[in-house]
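In UniProt numbering, the protein residues as written are 1 to 255.
No residue lacks a Cβ here, since even glycine has one placed at the ideal position from N, Cα and C.
What follows is one structure encoded as structure tokens, with my remarks underneath.
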Ligand code: NAI
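Below, the structure is given as structure tokens:
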């Protein structure tokens with residue numbers, strides 16, 4: 001039986017991925033703030049260290065899969081928190097668990113990014129540079145000073161996608177796959193909160209994908225399950241959009 005750690009396993013996409021992998025016969029070690037095998041807060045250094053230690057203890061130091069789903073959206077209490085969870089909470093899990101993955105069988109890791117990563121300007125933002133340099137204090141300060149949750153979210157997703165792709169060469173040479181899945185709108189509590197938000201709700205409601213609906217967590221989980229499986233053994237370093245056509249609608253010439 002293969003063993004996969006999943007962050008954000010208590011809700012939305014992470015819960016659907018956990019259910020799908022369990023149904024496929026995998027052992028799952030969920031990481032979340034509550035209702036998980038490993039309860040930890042990925043927004044802090046201490047919490048991330050506890051998450052890594054908890055997973056290593058439960059897995060005996062050997063992991064076959066890692067799926068990083070935990071994230072917060074534009075309604076998070078602060079812009080800094082968006083970066084702390086979506087970038088540093090993911091990059092430090094990848095770093096802390098890579099040794100366990102290297103000991104696993106056909107190991108594969110996956111990060112849930114977002115179509116928001118392609119938002120124009122995210123690449124050039126100073127907070128993006130600070131994230132990629134690993135300077136958490138500066139990155140969070142820049143995000144909090146700017147006070148634009150949409151931009152902080154886009155930058156966090158751009159930076160983690162860039163980071164994951166930067167790791168692909170080294171990880172591939174060690175026999176470990178690493179991919180990014182970039183969903184569009186998906187019906188989860190995170191999406192619902194942005195729909196109901198007085199600042200962002202109207203824009204979110206009006207930005208509809210060509211297929212005319214939001215995705216379901218199970219639809220994202222089906223793609224994740226495939227990418228984590230042996231069937232996808234040559235897929236590595238990829239960013240796979242699953243967005244009802246949203247990216248094609250906005251950026252047809254960019255691929
Ligand atoms: P969700 O809110 O249903 O689930 C997120 C999970 O992450 C929750 O269980 C939450 O407790 C956990 N989490 C948040 N902060 C944490 C922390 N500090 N420590 C530990 N766990 C923490 O949201 P959803 O939609 O399932 O989001 C999953 C991922 O998908 C996120 O990375 C999100 O950015 C991404 N995404 C979601 C989209 C959507 O429309 N729902 C679209 C594109 C990407």
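Bridge partner(s) assigned by DSSP for residue i
i, result
"residue 31", "7, 38"
"residue 215", "186"
"residue 179", "110"
Proximity test, residue i beta-carbon vs the ligand NAI heavy atom, cut-off 7 Å
i, result
"residue 150", "no"
"residue 179", "no"
"residue 42", "yes"
"residue 52", "no"
"residue 32", "yes"
"residue 72", "yes"
"residue 17", "no"
"residue 188", "yes"
"residue 240", "no"
"residue 78", "no"
"residue 26", "no"
"residue 191", "yes"
"residue 144", "no"
"residue 69", "yes"
"residue 212", "no"
"residue 114", "yes"
"residue 14", "yes"
"residue 185", "yes"
"residue 169", "no"
"residue 209", "no"
"residue 11", "yes"
"residue 106", "no"
Enclosing beta strand (DSSP E) for residue i [first to last residue]
i, result
"residue 65", "65-68"
"residue 240", "239-242"
Residues near residue i in its chain [Cβ-Cβ closer than 8 Å; skip 5 each side]
i, result
"residue 243", "115, 182, 183, 184, 185, 209, 215"
Where the alpha helix (DSSP H) through residue i begins and ends
i, result
"residue 90", "89-102"
"residue 161", "149-173"
"residue 139", "136-146"
"residue 247", "246-250"
"residue 128", "126-132"
"residue 208", "Unbroken run through residue 208: none, as it is neither H nor E."
"residue 121", "Looking at the DSSP string, residue 121 is not in any alpha helix (DSSP H), and its letter there is neither H nor E."
"residue 22", "12-23"
"residue 54", "45-59"
Close Cβ partners of residue i (< 7 Å) along its chain, the five nearest in sequence each way excluded
i, result
"residue 24", "225"
"residue 132", "159, 162, 163"
"residue 128", "122, 155, 158, 159"
"residue 78", "144"
"residue 61", "100, 103"
Contacts around residue i, its chain only, beta-carbon distance under 6 Å, and the 5 residues preceding and following it disregarded
i, result
"residue 107", "64, 101, 176"
"residue 73", "190, 194"
Near the ligand NAD: residue i beta-carbon under 7 Å from a heavy atom
i, result
"residue 7", "Of the ligands this structure carries, namely the ligand NAI, none is the ligand NAD."
Counting beta carbon pairs with one atom in the region 114-133 and one in the region 150-163, are three or more of them shorter than 8 Å? Counting Cβ pairs under 8 Å, three or more are found: they touch.
If we count Cβ pairs, one from each stretch, closer than 8 Å, do we get three or more for the region 248-255 versus the region 224-238? Output reads no: the region 224-238 does not touch the region 248-255.
Does the region 56-75 come into contact with the region 7-16, if we say contact requires no fewer than three beta-carbon pairs (one atom in each stretch) closer than 8 Å? yes
Would the region 26-46 count as touching the region 85-100 if we require 3 or more Cβ pairs under 8 Å? yes
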